[in-house]
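Colleague:
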Amino acid sequence: VVMDEAVSLVKELMKLSADKEVLFLHGGASTQFFQVPMNFLSQEKKAAYLDCGVWGTKAIKEAKLFGQVHVVGSSSDKNYTYIPHGYDVPDDAAYFHYTTNNTIEGTQMHSIPQCNVPLIADMSSDILSRDLDFNQFDFIYAGAQKNIGAAGVNLVVVDKNFLLKANQHLPSMMDYRMHVANGSMLNTPPVFAIYVCLLTLRWLKKLGGIPAIENLNKQKASLLYTTLEKSSLFHLPVPKEDRSFMNAVFTMTDQSLEKDFLSLCKREGMIGIEGHRNVGGFRVSMYNAMPMSSVETLTELINEFINKYSS
Numbered sequence: 010v011v012m013d014e015a016v017s018l019v020k021e022l023m024k025l026s027a028d029k030e031v032l033f034l035h036g037g038a039s040t041q042f043f044q045v046p047m048n049f050l051s052q053e054k055k056a057a058y059l060d061c062g063v064w065g066t067k068a069i070k071e072a073k074l075f076g077q078v079h080v081v082g083s084s085s086d087k088n089y090t091y092i093p094h095g096y097d098v099p100d101d102a103a104y105f106h107y108t109t110n111n112t113i114e115g116t117q118m119h120s121i122p123q124c125n126v127p128l129i130a131d132m133s134s135d136i137l138s139r140d141l142d143f144n145q146f147d148f149i150y151a152g153a154q155k156n157i158g159a160a161g162v163n164l165v166v167v168d169k170n171f172l173l174k175a176n177q178h179l180p181s182m183m184d185y186r187m188h189v190a191n192g193s194m195l196n197t198p199p200v201f202a203i204y205v206c207l208l209t210l211r212w213l214k215k216l217g218g219i220p221a222i223e224n225l226n227k228q229k230a231s232l233l234y235t236t237l238e239k240s241s242l243f244h245l246p247v248p249k250e251d252r253s254f255m256n257a258v259f260t261m262t263d264q265s266l267e268k269d270f271l272s273l274c275k276r277e278g279m280i281g282i283e284g285h286r287n288v289g290g291f292r293v294s295m296y297n298a299m300p301m302s303s304v305e306t307l308t309e310l311i312n313e314f315i316n317k318y319s320s
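Below you can see the structure in the form of structure tokens.
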């Protein structure tokens with residue numbers, strides 16, 4: 010009953026067509042980094058990948074174990090602070106893979122790439138946060154712990170026709186066809202994690218679905234970015250058109266003030282805004298569960314800091 014309702018709600022909220030299958034699988038998105046190419050790539054084929062962050066880089070590394078990888082575009086030249094544009098996806102690629110939102114770098118793709126090959130997206134950090142035509146994708150995967158539920162389960166949406174192209178002779182647990190045939194219960198699924206997903210999906214539906222949460226997410230991000238932009242104390246490394254609604258990344262123009270800002274936040278009970286250890290600075294994650302009131306409180310602290318330190 011839990012599985013059936015969870016699958017039904019995913020289909021309803023994402024407005025999925027009848028040719029899409031929904032799976033809840035073990036493991037995080039990192040498992041999908043190798044499971045996708047294991048199913049859809051081979052030494053005789055090549056896959057196209059967009060390299061726009063840490064997670065995309067990890068996916069590329071895993072895919073190379075199974076076949077040729079053609080990187081169509083990369084933003085590594087500027088530490089992944091922007092989304093590559095103007096790239097071409099070869100028509101003979103087995104698929105095109107990209108990451109929709111980059112948590113560490115604070116970038117997000119705001120339109121769906123147009124190409125003539127099957128489209129695969131890692132939506133781990135922005136799934137269910139904005140209204141997209143999810144039927145344009147042949148394969149979607151997302152680790153649950155950002156916007157869907159508890160860690161330990163993966164949401165997968167796969168097109169039935171794309172599934173026909175999967176490789177043969179795969180280990181059963183790695184074969185998407187086996188999971189579809191067994192309703193995500195080829196073995197004991199992560200029951201509690203899926204139940205938490207169900208509760209979240211019910212909450213999202215009651216809230217008004219994806220359009221309602223998208224409106225809230227845009228309000229949160231707009232308030233924070235507008236507040237940061239008004240002072241030269243803060244530096245936003247990502248251009249406006251590529252900024253993430255989920256993860257706002259910023260630094261101090263004067264790095265010596267970073268400790269002071271962190272101290273102010275901690276003193277006022279605002280925790281968890283340190284940037285990822287790989288990039289430093291600050292990162293504010295505004296996933297679906299983050300209320301507007303939390304962002305308002307943070308912007309009040311930012312304004313207090315600006316008033317104190319602006320010359």
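According to the working numbering, numbering within the sequence shown proceeds without interruption in unit steps and concludes at 320.
A virtual CB, placed ideally from N, CA and C, is assigned to each residue, including glycine.
Quick caveat: nothing in here was measured; it's all calculated off a predicted structure.
Whose CA, out of G115, N226, I219 and W212, lies closest to the CA of S303?
Modeller: Minimum Cα distance to S303 is reached at N226.
Colleague: Please report the distance separating the alpha-carbon of Q296 from that of Y107.
Modeller: Residue 296 is actually Tyr in this sequence, not Gln. One C-alpha to the other measures close to 20 Å.
Colleague: Is the CB of K155 under 8 Å away from at least one CB in chain B?
Modeller: Considering every chain present, this structure includes no chain B. It has just one protein chain.
Colleague: Starting from the C-beta of F146, find all residues in its chain whose C-beta is less than 6 Å away, skip the five residues before and the five after it, and write them out in chain order.
Modeller: For F146, where only same-chain residues beyond five positions count, the Cβ hits under 6 Å are L128 and A130.
Colleague: By the three-class DSSP mapping on this structure, what secondary structure does K117 have?
Modeller: For clarity, residue 117 is Gln in the given sequence; the question names Lys instead. Strand at Q117.
Colleague: Is the beta carbon of G152 sitting closer than 8 Å to the one on G37?
Modeller: Yes. Within cutoff.
Colleague: When you compare the segment 241-249 with the segment 52-64, are there three or more beta-carbon pairs, one atom per stretch, that lie closer than 8 Å?
Modeller: Not touching, per the Cβ criterion.
Colleague: Kindly indicate the opening and closing residues of the alpha helix (DSSP H) around G218.
Modeller: G218 to E238 is the extent of the alpha helix (DSSP H) around G218.
Colleague: Which residue marks the beginning of the beta strand (DSSP E) containing M261, and which one marks its end?
Modeller: N256 to M261 is the span of the beta strand (DSSP E), which, as asked, contains M261.
Colleague: If I follow the unbroken alpha helix (DSSP H) through V247, where does it start and stop?
Modeller: Neither: V247 is in no alpha helix (DSSP H) and is coded neither H nor E.
Colleague: With DSSP as the reference, identify every bridge partner of V167, one or two as the case may be.
Modeller: V167 pairs with E30 and F148.
Colleague: For Q264, count the other beta carbons within 10 Å of its own beta carbon; 16 or more makes it buried, fewer makes it exposed. Which is it?
Modeller: Exposed.
Colleague: For the beta strand (DSSP E) that T108 lies in, which residues bound it at each end?
Modeller: Element bounds for T108: F105 to T108.
Colleague: Are the CB atoms of D97 and N125 nearer to each other than 8 Å?
Modeller: No, these two residues do not count as a Cβ contact at 8 Å.
Colleague: N48: buried (16+ other C-beta within 10 angstroms of its C-beta) or exposed?
Modeller: So N48 ends up on the buried side.
Colleague: On a Cα-Cα basis, can you pick out the residue from G217, E223, A221 and G161 that is closest to P199?
Modeller: The shortest C-alpha separation from P199 is found at G161.
Colleague: Measuring straight from C-alpha to C-alpha, what distance separates K73 and A103?
Modeller: Spanning the two alpha carbons is a distance of roughly 13 Å.
Colleague: Going by other Cβ atoms of all chains shown within 10 Å of its Cβ, with 16 needed for buried, is P46 buried or exposed?
Modeller: It counts as buried.
Colleague: Helix, strand or coil for V288 per DSSP?
Modeller: Three-state result, V288: coil.
Colleague: Is there contact between the segment 200-212 and the segment 182-190, where contact requires at least three CB pairs shorter than 8 Å?
Modeller: With a cut-off of 8 Å, the segment 182-190 and the segment 200-212 do not count as touching, because too few Cβ pairs lie within range.
Colleague: Identify whether L266 lies in helix, strand or coil by the three-state DSSP scheme.
Modeller: In this structure, L266 counts as helix in the three-state DSSP scheme.
Colleague: Pull up the distance between the alpha-carbon of G83 and that of D60, whole angstroms please.
Modeller: Rather than Gly, the amino acid found at residue 83 in this sequence is Ser. Looking at the two C-alpha atoms, the distance is approximately 5 Å.
Colleague: For T308, collect the residues of the same chain with a Cβ closer than 7 Å to its Cβ; drop the 5 residues on either side in sequence, then sort them by chain order.
Modeller: These residues qualify, in order along the chain: L232, L233 and T236.
Colleague: Drop a sphere of 10 angstroms on the beta-carbon of V166, count the other beta-carbons inside from all chains shown, and report buried for 16 or more, exposed for fewer.
Modeller: V166 is buried by the Cβ-count criterion.
Colleague: CA-CA distance, L273 and V80?
Modeller: Cα to Cα, the separation comes out at about 43 Å.
Colleague: Taking the straight line between their C-alpha atoms, what separation do you get for T40 and I315?
Modeller: When rounded, the distance between both Cα atoms is 43 Å.
Colleague: Alpha carbon to alpha carbon, how far is R292 from K67?
Modeller: When rounded, the distance between both Cα atoms is 21 Å.
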